[in-house]
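Below: the structure, in structure tokens.
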Amino acid sequence: MLLVLIQALVLCSCVSVVPSTISPCAKWNTTGSTVAGTGDAGNSSYQISSAKGIFIHKERNELYVADFSNNRVQRFSLNDPSKMGTTVASNIENPMKVYVDDDIIGPTVYVSLRFLNRVEKWTYGARQGVQVGNDCQLCCGVSVDKEKNVFMSESNRHRVLQWSPRTNITNIVAGNTDTNGSKSTLLDHPQGIYVSRDGSVVYVADMWNNRIQSWIQGSDEGVTVAGSSKGTEGHDPETLDFPNDMTVDDETDIVYVIDTSNNRVQRWKSFASEGDTIAGDMSAGNATYQLSKPTGLGFDMKGNLYVMDMGNNRVQMFELIDNRPCSLKLESNVSSKLGYILITIILWIISIELMRY
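Those letters in the sequence shown? Residues -20 to -1, 1 to 337, per mature numbering (1 follows the signal peptide of the UniProt record, and there is no 0), in order.
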């Protein structure tokens, strides 16, 4: 009897659950650590300057940075404590965003070049990039789906383009050419984009409309999934201010937004009317808990959050510290109280049993 009670006591105190994806109720450390850049603008292998976008290659545990003012794309190994970058695309003018795809010979880099009005493809080890698709005026966002279709946001013409390598044809998939506005059919200076892996949905950081739009392939209008559908800027949980980029969890449909002018990262759950802050605190600054004009983000295999902290010339990592499913968070408070009561009863019974010996 005594042995059974002790086993029950041990089991009550050792239960844990490890989910395989990022929970909708996950929490990150509010204090970040620098994984790239020194905080000062510069052109050494350890520095970046006004960088606009990042990409996390999860399988290789590598960070790619569109190093805007240094006219290059830098690769940083997240396993290397030296934080030294390697140039994988050089002599390019003002790169905005970067996407990395896997090919047979190694990672292929796609980079949007704002003032050269194009997207370039840099195969592994290449010394020169090749333009893909048509010209893209004030090109900003870039993404690739599993069929190798390349998507690019043409900010100056208020639209998103899709280039097919199979047909060599470029089509409009979001927005209305040369027409900006806040209607659901329009965009206003789109920036970062995210494309679902199957290419069926395009998410757009509709920057001047202060919102994130979701466009299903073939649709004539977008749906607001973060921010105000009317394009209203703001600083509360319901609004955004000049969002520059986002990423989306395809399993949960959660949108993680770089709320640039609010110096924060917002999480918007599916069908939510407001977001919650997971990094940054609204005030611009260079403290470890602050951001200054952030412009990009990504997650690694472990769910850690990486933010391109442009104004501070650094990339910050915010460690995932709580990844319990939402139901477990609610249940844990109840179960902990029940567990306490159960343990108290077991200990009381044990004491009685011991008194008999």
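Note that the Cβ used here is the ideal one computed from N, Cα and C, for glycine as well.
Simplified DSSP state of residue i, which is helix, strand or coil
i                : result
threonine 18     : coil
methionine 288   : strand
phenylalanine 48 : helix
serine 241       : helix
serine 13        : strand
serine 25        : coil
serine 70        : strand
arginine 3       : In the sequence under discussion, the amino acid at residue 3 is serine, which differs from the arginine named in the question. Residue state, collapsed to three classes: coil.
serine 307       : helix
alanine 264      : strand
isoleucine 85    : coil
proline 61       : coil
arginine 107     : coil
leucine 96       : coil
asparagine 41    : coil
glutamate 213    : strand
threonine 275    : coil
glutamine 197    : coil
Selection from the options that minimises the alpha carbon distance to residue i
i              : options                        : result
aspartate 289  : Glu299, Gly283, Lys282, Leu277 : Leu277
glycine 260    : Asp280, Met297, Ile234         : Met297
methionine 132 : Val153, Arg146, Lys163, Thr147 : Val153
aspartate 221  : Arg247, Arg191, Gly121         : Arg191
tyrosine 44    : Ser24, Ala16, Asn293           : Ala16
lysine 101     : Ser123, Arg247, Leu58          : Ser123
glycine 105    : Val89, Lys77, Cys120, Ala31    : Val89
lysine 32      : Val130, Ala267, Pro87, Lys273  : Lys273
valine 287     : Val237, Ser162, Gly202, Asn156 : Val237
lysine 282     : Gln270, Glu42, Gln27           : Glu42
tyrosine 269   : Thr10, Trp188, Asn151          : Thr10
glutamine 27   : Ile36, Ala46, Phe35            : Ala46
lysine 77      : Glu39, Gln171, Asp302, Thr103  : Gln171
arginine 107   : Arg137, Pro87, Ala69, Gly121   : Ala69
Close-in-space but distant-in-sequence residues of the same chain around residue i (CB under 6 Å, 5 per side omitted)
i              : result
histidine 215  : Asn242
valine -17     : Annotation note: pLDDT 43 at valine -17 (below 50); position unreliable, no value reported.
valine 175     : Ser123, Asp125, Phe131, Val182
valine 112     : Val99, Lys101, Val130, Trp143
serine 49      : Ser29, Ser30
tryptophan 188 : Asp168, His169
Rounded Cβ spacing between residue i and residue j (contact assumed at less than 8 Å)
i             : j              : result
serine 250    : aspartate 230  : Not really, about 12 Å apart at Cβ, beyond 8 Å.
asparagine 97 : aspartate 115  : 5 Å
serine 13     : cysteine 306   : Not really, about 27 Å apart at Cβ, beyond 8 Å.
aspartate 125 : aspartate 178  : 7 Å
valine 235    : alanine 267    : Valine 235 to alanine 267, Cβ: 26 Å. No contact.
glutamine 142 : asparagine 160 : Actually they are not in contact, since the Cβ atoms of glutamine 142 and asparagine 160 sit about 20 Å apart, beyond 8 Å.
valine 184    : valine 140     : 6 Å
serine 180    : isoleucine 196 : 7 Å
serine 164    : glutamate 201  : 4 Å
glycine 121   : isoleucine 85  : Contact doesn't hold; Cβ gap of about 26 Å is too wide.
Other residues of its chain near residue i: CB distance less than 7 Å, five sequence neighbours each side excluded
i             : result
proline 217   : Glu254, Gly255, Asp256
glutamate 127 : Gly179
glycine 155   : His138, Arg139, Val140, Leu166, Leu167, Pro170
Beta-carbon contacts of residue i that lie in its chain and below 8 Å, excluding the five residues immediately before and after
i             : result
isoleucine 72 : Asn51, Arg52, Val53, Val91, Leu93, Leu96, Glu100, Gly109
threonine 212 : Asn190, Thr219
serine 199    : none
3 or more residues per run - each beta strand (DSSP E) lying fully within the stretch 115 to 193: Every beta strand (DSSP E) of 3 residues or more that sits fully in the stretch 115 to 193 is shown, in chain order, as 119 to 124, 130 to 134, 139 to 144, 149 to 155, 170 to 175, 181 to 186.
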